[in-house]
Amino acid sequence: MDNNAVTGRVSRKKISWTPYVLVAPLFVLMLAFLIIPLMNTLYISFAHYVAPAVYDTSAITMENYLKFFNTPNYITTLVRTVRISVLCTLFCLLLGYPAAYYMSKLSGKKQQIYLLVYLAPWLINVVVKAFGWTLLLSSNGIINDLLLYLHIIDRPLQMLFTEGSITVGIIHGCLIFAVLPIYTSIKAIDPHLSYAAANLGATPSQIFFKITLPLSRMGILAGGLIVFAVTMASYTTPVLLGGGRNRVLSFLVYEQSNRLMNWPMGAAIALVLVIIGVVLVAAIQKFFEANRRRRDLME
Amino acid sequence: MTTLENVWKGIPFLGVFNALLTVFMIVPIFIIVLVSFSPTSAYVIPTTDWSLRWYVEIAKYGRFIYGFFLSLALAFAAAAVATVLGFMASYALTRYDFKGKQLLDAVFFSPLTMPAVIMGFALLVYVSKLGFYDTFTSFLLAHILLCVPYVIKTISTSLEGISKDLELAAMSLGASRLTTFLQVTAPLAKTGIAGGFVYAFLVSFGEVTIALFLSGTKMTTLPLLMFNYMQDANTPVIAAISTLLIVFAVLLTAVVNKIVSLKDIMS
Numbered sequence: 097m098d099n100n101a102v103t104g105r106v107s108r109k110k111i112s113w114t115p116y117v118l119v120a121p122l123f124v125l126m127l128a129f130l131i132i133p134l135m136n137t138l139y140i141s142f143a144h145y146v147a148p149a150v151y152d153t154s155a156i157t158m159e160n161y162l163k164f165f166n167t168p169n170y171i172t173t174l175v176r177t178v179r180i181s182v183l184c185t186l187f188c189l190l191l192g193y194p195a196a197y198y199m200s201k202l203s204g205k206k207q208q209i210y211l212l213v214y215l216a217p218w219l220i221n222v223v224v225k226a227f228g229w230t231l232l233l234s235s236n237g238i239i240n241d242l243l244l245y246l247h248i249i250d251r252p253l254q255m256l257f258t259e260g261s262i263t264v265g266i267i268h269g270c271l272i273f274a275v276l277p278i279y280t281s282i283k284a285i286d287p288h289l290s291y292a293a294a295n296l297g298a299t300p301s302q303i304f305f306k307i308t309l310p311l312s313r314m315g316i317l318a319g320g321l322i323v324f325a326v327t328m329a330s331y332t333t334p335v336l337l338g339g340g341r342n343r344v345l346s347f348l349v350y351e352q353s354n355r356l357m358n359w360p361m362g363a364a365i366a367l368v369l370v371i372i373g374v375v376l377v378a379a380i381q382k383f384f385e386a387n388r389r390r391r392d393l394m395e
Numbered sequence: 008m009t010t011l012e013n014v015w016k017g018i019p020f021l022g023v024f025n026a027l028l029t030v031f032m033i034v035p036i037f038i039i040v041l042v043s044f045s046p047t048s049a050y051v052i053p054t055t056d057w058s059l060r061w062y063v064e065i066a067k068y069g070r071f072i073y074g075f076f077l078s079l080a081l082a083f084a085a086a087a088v089a090t091v092l093g094f095m096a097s098y099a100l101t102r103y104d105f106k107g108k109q110l111l112d113a114v115f116f117s118p119l120t121m122p123a124v125i126m127g128f129a130l131l132v133y134v135s136k137l138g139f140y141d142t143f144t145s146f147l148l149a150h151i152l153l154c155v156p157y158v159i160k161t162i163s164t165s166l167e168g169i170s171k172d173l174e175l176a177a178m179s180l181g182a183s184r185l186t187t188f189l190q191v192t193a194p195l196a197k198t199g200i201a202g203g204f205v206y207a208f209l210v211s212f213g214e215v216t217i218a219l220f221l222s223g224t225k226m227t228t229l230p231l232l233m234f235n236y237m238q239d240a241n242t243p244v245i246a247a248i249s250t251l252l253i254v255f256a257v258l259l260t261a262v263v264n265k266i267v268s269l270k271d272i273m274s
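Heads up: the protein sequence lines correspond to chains A and B, in order. Read in order, the letters of the first sequence are residues 97 to 395 in this note's numbering. Read in order, the letters of the second sequence are residues 8 to 274 in this note's numbering.
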């Protein structure tokens, strides 16, 4: 009997096989249907396209990647995707910070209600959310009707099927990813710091900018990174709210895989999407760390 | 003295900002509910005559009803398998210390950070090769993978909350490891397991991106049908279906929030 297992201590001599048996089914499943398919994707991105759903892996080629970076349409799409992601990240942080700050000052019951308000978009199907925005933003939608009725505009504004509508839709869905980490980091700040500062004569705005904001920067970083990564890879919202002219990278992957069935090219675009996401996330992290080091040196 | 500065200071900016933000969060969802009662085939908010016509109309859309039951079956199956396998893994991860634990943890949580487009693409190429493109099996596998992180997170949290002293006490009184597990650990982890199941169900039921990649003509889940329908024809029937889905989500959330705090799962 390996009673030691319960206490978390493992006897040095005897290896307990129980945990391995317990994780094995799930691990095998994930190996077979996640890790191997992903490796396969990496592999075929270097393959040569022959015909729909047919590719040749006899020789490794960079042609798919070269084609990607030499096609102006793809580059435009890449730039658009990054632009939308950066905008969404900035807006989610700008809107999410005050929201999280406000929430952290509320009492239990009220806090729960606010939390549900921000969680609501996460719980509701992405397609349903996009439909809601379509109703609001389309040229004969609610907002245009209202503005026409109030004589603020003469003819309907084109709001749907623009980069703006994509951005708004994504902010609505992603705000919670910014709010939660920021909220957690604000809550973790020792309230005595603020009391002490106030005692020593600091104004509320001084307390906020000298204590609360700097101490919650890790929450800002975490929230920003999640929003950025989610936006870079989002598919449903950009397709439904962006229409035919505002394609994003993830649409190109779908186009190659299910319409043109050029799987090597699809794999290459998918990997470009992942790599750019990872590189930008790493760069932002580096930037934050460098900043922190500089601060630490100055203090 | 009411100077301009005092008036300026008197406005609770933060409160106003949050009220506006709340409106922003709620309006796109609320508007669907209103439009679903539209008496005409246009998307209008009914002012005088509220009509249930589009709810009645749903019955005529056989594909949507088929899609609903397909999604339901898929979500139940995926959540059930994910909960069983996830529970086993959570038990190992919280109760034992073993080599490769960190690695396994990373693998089990990877679907959370993996873009759905990438997973969809990788699985499409893979299952096509294996010969089960557009089948229930391929959807089930994909959905299990997606649900696993939520299940493990929920169940691990509840297992960590169970004092190991209780288990030790049972065993020191002569209960075997299996008996201890069945009589002590499992009953105490019941709510966590239920929470994990409901989360998995929610995730699977709403999934659309991977479905787009893996679906041909047979596997048309409800979110997928709505996605396609929204791009083609449009009548308020989609608003009626959306409203039912919103109600469904709200009810499930109310249940799950009683079991485990949503905040704990998200962060």
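Even glycine gets a Cβ: it sits at the ideal position worked out from N, Cα and C. Nothing here was measured: the structure is a model prediction, and the numbers come from that model.
A direct Cα-Cα distance of roughly 14 Å separates Phe24 of chain B from Ile33 of chain B. Excluding residues up to 5 positions away in sequence, Ile169 lie with their Cβ nearer than 7 Å to the Cβ of Leu195 of chain B in the same chain.
Following the DSSP letters along the chain, one finds Asp152 of chain A inside the beta strand (DSSP E) bounded by residues Val150 to Asp152.
The segment 207-243 of chain B is shown to contain no whole beta strand (DSSP E) run of 3 or more residues.
The continuous alpha helix (DSSP H) containing Ala80 of chain B extends over residues Gly69 to Arg102. With respect to the C-alpha of Phe20 of chain B, the residue from A:Tyr197, A:Leu232, A:Ala298 and A:Pro277 having the closest C-alpha is A:Tyr197.
Proximity of chain A to Ala176 of chain B at the Cβ level (cut-off 8 Å) is not reached, the minimal Cβ distance being about 10 Å. In the DSSP assignment, the residues bridged to Ala147 of chain A are A:Val150. Counting along the chain, the unbroken alpha helix (DSSP H) around Tyr197 of chain A starts and ends at Pro168 to Ser200. In this model, Ser145 of chain B and Ile72 of chain B are separated by some 21 Å (Cα to Cα). In the displayed model, Lys160 of chain B falls within a helix according to three-state DSSP. Judged by DSSP in its simplified three-state form, Asp172 of chain B adopts helix. The three-state secondary structure of Ala182 of chain B, taken from DSSP, is coil. In the structure shown, Tyr210 of chain A adopts helical secondary structure according to DSSP, grouped into three states. Apart from sequence neighbours up to five positions away, the residues of its chain that approach Thr327 of chain A with a beta-carbon distance below 8 Å are Ile180, Ser181, Cys184, Thr185, Ile266 and Cys270, ordered along the chain. Any Cβ of chain B closer than 8 Å to the Cβ of Lys205 of chain A would place that residue at the interface, and such an atom is absent. No Cβ of chain B is located within less than 8 Å of the beta carbon of Asn166 of chain A. A direct Cα-Cα distance of roughly 9 Å separates Ala96 of chain B from Leu111 of chain B. Taking a beta-carbon distance threshold of 8 Å, Pro230 of chain B counts as an interface residue toward chain A. Where Ile52 of chain B is concerned, there is no enclosing alpha helix (DSSP H), because DSSP gives it neither an H nor an E.
Bounds of the alpha helix (DSSP H) holding Trp229 of chain A are Val222 to Leu233. Taking 8 Å as the cut-off, the Cβ atoms of Phe273 of chain A and Val323 of chain A count as close. Minimum Cα-Cα distance from Leu190 of chain A among the listed residues B:Gly69, B:Thr227, B:Leu59 and B:Leu28 corresponds to B:Leu28.
Under the rule that a run must span 3 or more residues, no beta strand (DSSP E) segment is found entirely inside the segment 276-360 of chain A. By the Cβ neighbour-count rule, His268 of chain A is buried, with 16 or more other Cβ atoms within 10 Å of its own. Relative to the Cα of Thr164 of chain B, the nearest Cα in the group B:Val132, B:Gln109, B:Thr198 and B:Ala207 belongs to B:Thr198.
Those residues of the segment 139-172 of chain B placed with their C-beta closer than 8 Å to a C-beta in chain A are Leu148, Ala149, Ile151, Leu152, Val155 and Lys171, ordered along the chain. The segment 125-154 of chain B is shown to contain no whole alpha helix (DSSP H) run of 4 or more residues.
Here Phe257 of chain A carries a coil assignment [DSSP, helix/strand/coil].
Counting only Cβ-Cβ distances below 8 Å, Phe75 of chain B has no contacts in chain A at all, with the closest Cβ about 12 Å away. The beta carbon of Phe234 of chain B lies closer than 8 Å to those of Val215 and Leu219 in the same chain, with the five residues before and after it left out.
Comparing alpha carbon positions, the residue from B:Thr242, B:Ala85 and B:Ala26 closest to Ile39 of chain B is B:Thr242.
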